[in-house]
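Comments concern the structure below.
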Amino acid sequence: MKNFTKIMILLALVPSLLVAQSKKAKAPDKLERLKQEAVADIDKRKDQAQQINDMLFSFSELGFQEEETFKYLTTLLEKEGFKVQKGIANMPTAWIATWGSGKPVIAIGSDVDCIPKASQKPGVAYHDPLVEGAPGHGEGHNSGQALNIVAALAVKQLMEREKIPGTLMLWPGVAEELVGAKAFYVRDGYFKDVDACIFTHVGNNLGVSHGDAGNNGLVSVKFTFEGQAAHAAGAPWRGKSALDAVELMNIGWNFRREHLELTQRSHYVISDGGDQPNVVPSKAAVWYYFRERSYPKIKKLYETGVKIAEGAALMTDTKFTYEILGSAWPGHFNKPIAEAMDANIRKVGLPVWSEEDQMLAKASQKELQAPKVEGLAMKLDSMKSPSAPTAMMGGQVMTSMGGGSDDIADISWSLPTVVLRYPSNIPGLPGHHWSNAISMATPIAHKGVVAGAKAEAMTLLDMLLKPEIIKNAWDYYTKEQTKEIKYTPLISPKEYPAVYLNKEIMTKFKPELKKYYYDPTKYKTYLEQLGIKYPTLRDDQRAELMKEKESKGK
Numbered sequence: 031m032k033n034f035t036k037i038m039i040l041l042a043l044v045p046s047l048l049v050a051q052s053k054k055a056k057a058p059d060k061l062e063r064l065k066q067e068a069v070a071d072i073d074k075r076k077d078q079a080q081q082i083n084d085m086l087f088s089f090s091e092l093g094f095q096e097e098e099t100f101k102y103l104t105t106l107l108e109k110e111g112f113k114v115q116k117g118i119a120n121m122p123t124a125w126i127a128t129w130g131s132g133k134p135v136i137a138i139g140s141d142v143d144c145i146p147k148a149s150q151k152p153g154v155a156y157h158d159p160l161v162e163g164a165p166g167h168g169e170g171h172n173s174g175q176a177l178n179i180v181a182a183l184a185v186k187q188l189m190e191r192e193k194i195p196g197t198l199m200l201w202p203g204v205a206e207e208l209v210g211a212k213a214f215y216v217r218d219g220y221f222k223d224v225d226a227c228i229f230t231h232v233g234n235n236l237g238v239s240h241g242d243a244g245n246n247g248l249v250s251v252k253f254t255f256e257g258q259a260a261h262a263a264g265a266p267w268r269g270k271s272a273l274d275a276v277e278l279m280n281i282g283w284n285f286r287r288e289h290l291e292l293t294q295r296s297h298y299v300i301s302d303g304g305d306q307p308n309v310v311p312s313k314a315a316v317w318y319y320f321r322e323r324s325y326p327k328i329k330k331l332y333e334t335g336v337k338i339a340e341g342a343a344l345m346t347d348t349k350f351t352y353e354i355l356g357s358a359w360p361g362h363f364n365k366p367i368a369e370a371m372d373a374n375i376r377k378v379g380l381p382v383w384s385e386e387d388q389m390l391a392k393a394s395q396k397e398l399q400a401p402k403v404e405g406l407a408m409k410l411d412s413m414k415s416p417s418a419p420t421a422m423m424g425g426q427v428m429t430s431m432g433g434g435s436d437d438i439a440d441i442s443w444s445l446p447t448v449v450l451r452y453p454s455n456i457p458g459l460p461g462h463h464w465s466n467a468i469s470m471a472t473p474i475a476h477k478g479v480v481a482g483a484k485a486e487a488m489t490l491l492d493m494l495l496k497p498e499i500i501k502n503a504w505d506y507y508t509k510e511q512t513k514e515i516k517y518t519p520l521i522s523p524k525e526y527p528a529v530y531l532n533k534e535i536m537t538k539f540k541p542e543l544k545k546y547y548y549d550p551t552k553y554k555t556y557l558e559q560l561g562i563k564y565p566t567l568r569d570d571q572r573a574e575l576m577k578e579k580e581s582k583g584k
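Each residue of the sequence shown is one higher than the one before, counting from 31 in my numbering.
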């Protein structure tokens with residue numbers, strides 16, 4: 031009788047247990063449904079993504095001079111209901127656009143500046159500048175804001191309808207090529223109340239990484255020497271050449287290189303070499319990037335540069351000053367957010383490339399003598415994680431041989447951050463080069479932006495609806511990333527953004543570039559406005575690709 035009673039009680043509880051299980055199952059079902067809606071919405075917004083991408087490409091603005099980009103993007107976001115704060119951190123072209131209320135606050139950023147002397151007609155597989163000698167998007171920073179905006183708008187629409195709490199915060203990487211902005215954003219407190227950051231950067235595959243990024247940090251420093259002018263032939267003994275001091279500093283640095291660690295990267299340009307040969311230069315300047323794998327090593331490298339400058343000044347009886355123009359820490363990115371994003375990337379997959387897309391990619395790779403001529407990526411990369419340290423002779427231990435830098439790292443050391451890379455560029459090209467602009471206003475860029483926007487929107491929904499992701503992200507940030515290493519800015523409170531940089535160059539080229547600004551009211555795409563047949567190849571390039579195709583078909 032007792033057993034019978036127990037069985038009857040259990041049977042009575044079954045419906046309520048099933049209801050409880052059903053309620054539990056609804057949460058992920060709702061999330062997946064919202065993700066599918068966001069993806070469908072982004073497909074509908076693909077023309078908007080293409081317009082934003084192509085518009086920024088046509089502006090071709092260097093760091094700190096992104097005036098047209100600033101006006102276009104802030105106007106667009108204001109129309110979409112975002113509250114825009116302009117001119118942040120003492121930078122006229124910097125801004126923050128927010129929508130929503132409450133937690134979590136999720137920052138969504140991407141760079142906007144371009145590369146000097148990288149002007150290039152899109153869709154053309156050989157060098158053919160829009161404006162000879164002008165700047166151009168030779169890294170592809172025209173594309174990230176297009177991705178972020180359409181992703182944010184798709185998620186915003188769902189947040190409004192479903193009454194999902196949270197704040198979306200869009201922002202631009204101003205003057206990234208000068209590493210000139212993000213450390214100032216952090217120093218001035220613009221990220222102090224932010225819960226997480228998704229940053230997007232153009233690449234040639236769809237992917238994300240976590241842990242030590244394996245790149246270098248840097249400090250950007252301008253050394254200015256002052257001497258005394260004199261007639262270079264009539265009375266050279268009365269002169270004190272500031273240019274001699276610059277050259278001696280560079281010679282000293284180049285001799286020192288042999289005795290620096292293998293991970294360092296350092297480079298310079300003489301930004302002021304005097305006026306004309308018959309006048310002993312009373313003023314000259316040299317601009318250095320000092321790169322290394324950690325804050326202490328960057329600081330040491332920079333201090334070595336200052337000592338060499340002192341020696342150059344002593345040898346020439348000149349005086350010198352130095353100014354920090356920008357900085358970046360080595361990157362470290364968040365594991366829990368990266369894992370959530372990678373799961374979404376697997377669902378989105380790579381774009382479907384057309385035969386024309388692949389022709390442009392392969393012809394460009396051949397033209398630039400790329401290590402491999404394989405066209406566009408056909409398989410997703412695996413999620414990258416930190417590599418094991420390598421012991422070197424002499425006691426040096428490293429995880430990477432160094433390389434480039436990005437000031438998103440300063441944000442990554444201030445709050446949980448990931449970088450989504452999306453496939454809008456062609457693999458195997460040099461970088462910071464006109465050839466990297468070839469694809470950036472073509473269907474390749476447009477498809478890559480849309481794929482990236484889908485992965486980002488899905489990840490934003492995860493972060494908004496699954497609080498444990500941000501909790502776990504902060505646990506990783508506190509207990510692993512910053513357990514032993516604490517962020518110390520490479521800039522001091524006395525430094526200000528060098529917003530004067532690139533002013534002369536843009537003043538020179540802007541009137542000509544204006545003639546080529548994209549007008550989406552008249553033309554569906556920028557390629558159509560320029561009258562470019564997609565893809566444009568030389569006869570020899572086309573013939574070589576056709577020959578290879580025929581030989582593979584045999």
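Even for Gly, the Cβ is constructed at its ideal location relative to N, Cα and C.
So, at 6 Å on beta carbons, what are the nonlocal neighbours of F120 in its own chain, with the 5 sequence-adjacent residues on each side left out? Position 90 of the sequence shown holds residue 120. First, the residue type needs correcting, since residue 120 is Asn and not Phe in the sequence shown. Closer than 6 Å at the Cβ level, and outside the excluded window around N120, lie Y526, P527.
Name the residue from D436, N284, K524 whose alpha carbon lies nearest to the alpha carbon of Y298. Residue 298 sits at position 268 when you count from the first residue of the sequence shown. Considering only alpha carbons, the answer is N284.
Only counting the same chain, and skipping five residues up and downstream in sequence, which positions put a Cβ closer than 8 Å to that of V378? Position 348 of the sequence shown, counting from 1, holds the residue named residue 378. So the list reads V69, L236, A481, K484, A485, M488, once near-sequence residues are dropped.
Under a three-way DSSP split, which group does L198 fall into? One-based indexing of the sequence shown puts residue 198 at position 168. Note: L198 maps to strand in three-state DSSP.
Assigned exposure category for I456 - 16 Cβ within 10 Å defines buried: Taking the sequence shown and counting its residues from 1, one reaches residue 456 at position 426. Under this definition I456 is a buried residue.
Could you tell me the alpha carbon to alpha carbon distance between F229 and Q258, rounded to whole angstroms? Indexing the sequence shown from 1 puts residue 229 at position 199. Indexing the sequence shown from 1 puts residue 258 at position 228. So the alpha carbons of these two residues sit roughly 48 Å apart.
What first and last residue would you give for the alpha helix (DSSP H) that runs through P541? Along the sequence shown, one-based indexing puts residue 541 at 511. 533-544 is the extent of the alpha helix (DSSP H) around P541.
Residues of its chain near Q78, where Cβ-Cβ distance is below 7 Å and the 5 sequence neighbours each way are ignored: Indexing the sequence shown from 1 puts residue 78 at position 48. Taken in chain order, the residues that qualify are V180.
Can you give me the Cβ contacts of Q511 inside the same chain, cut-off strictly under 7 Å, excluding the 5 residues immediately before and after it? To locate residue 511, count along the sequence shown from 1; it is residue 481. Contacts found: H362.
Collapsed DSSP secondary structure at P453 in the structure displayed: Walking along the sequence shown from the start, residue 453 turns up at place 423. DSSP places P453 in strand when its eight states are reduced to three.
What's the C-alpha gap between E385 and H476? As a first step, residue 385 is located in the sequence shown; it is residue number 355 there, counting from the start. As a first step, residue 476 is located in the sequence shown; it is residue number 446 there, counting from the start. Rounded to the nearest angstrom, the two C-alpha atoms are 15 Å apart.
Quick one: complete alpha helix (DSSP H) runs, 4+ long, within the segment 286-351? 325-346
From T508, Y325, H167, residue whose alpha carbon lies closest to that of Q435: As a working mapping, residue 435 is identified with position 405 in the sequence shown. Rather than Gln, the amino acid found at residue 435 in this sequence is Ser. The candidate whose alpha carbon is nearest that of S435 is Y325.
Is there contact between the segment 215-233 and the segment 441-454, where contact requires at least three CB pairs shorter than 8 Å? yes
Under 8 Å between the Cβ atoms of L200 and A358? Position 170 of the sequence shown, counted from the first residue, corresponds to residue 200. Position 328 of the sequence shown, counted from the first residue, corresponds to residue 358. Contact: no.
Could you compute how far the alpha carbon of A127 sits from the alpha carbon of E98? Locating residue 127 in the sequence shown gives position 97, counting from the first residue. Locating residue 98 in the sequence shown gives position 68, counting from the first residue. Taking the straight line joining both Cα atoms gives about 17 Å.
Reduced DSSP secondary structure (H/G/I, E/B, other) of V142: As a first step, residue 142 is located in the sequence shown; it is residue number 112 there, counting from the start. If DSSP states are grouped into helix, strand and coil, V142 belongs with coil.
Applying the 10 Å Cβ sphere with the 16-neighbour rule, what's the burial state of Y452? For this step, residue 452 is matched to residue 422 along the sequence shown. By the 10 Å Cβ count, Y452 comes out buried.
Can you list the beta strand (DSSP E) stretches of 3 or more residues lying completely in the segment 216-253, in chain order? 226-233
Give the DSSP-derived three-state secondary structure of F363 in the structure shown. Residue 363 sits at position 333 when you count from the first residue of the sequence shown. The answer is strand: DSSP assigns F363 an E or B state.
Applying the criterion that 16 or more other CB atoms from any shown protein chain within 10 Å of the CB defines a buried residue, is S271 buried or exposed? As a working note, residue 271 is residue 241 in the sequence shown. Buried, because 16 or more other Cβ atoms sit within 10 Å of the Cβ of S271.
If F320 and F253 are in contact, beta carbons under 8 Å, what's the gap, nearest whole angstrom? Against the sequence shown, residue 320 aligns to sequence position 290. Against the sequence shown, residue 253 aligns to sequence position 223. Not really, about 11 Å apart at Cβ, beyond 8 Å.
Can you look up L520 in the DSSP assignment and give me helix, strand or coil? By one-based count along the sequence shown, residue 520 stands at place 490. Three-state DSSP puts L520 in coil, outside helix and strand.
Which residues in the same chain have their Cβ closer than 8 Å to the Cβ of L491, if we skip the five residues on either side of it in sequence? In the sequence shown, residue 491 corresponds to position 461, counting from 1. L61, L64, K65, A68, V185, L188, listed in sequence order.
Beta strand (DSSP E) segments (min. 3 residues) lying fully within the segment 82-139: 113-116, 125-131
Residues that S394 bridges to, as DSSP identifies them: In the sequence shown, counting from the first residue as 1, residue 394 sits at position 364. DSSP output for S394 lists no bridge partner at all.
Rounded C-alpha distance that separates A339 from R295: For this step, residue 339 is matched to residue 309 along the sequence shown. For this step, residue 295 is matched to residue 265 along the sequence shown. Taking the straight line from one Cα to the other gives about 18 Å.
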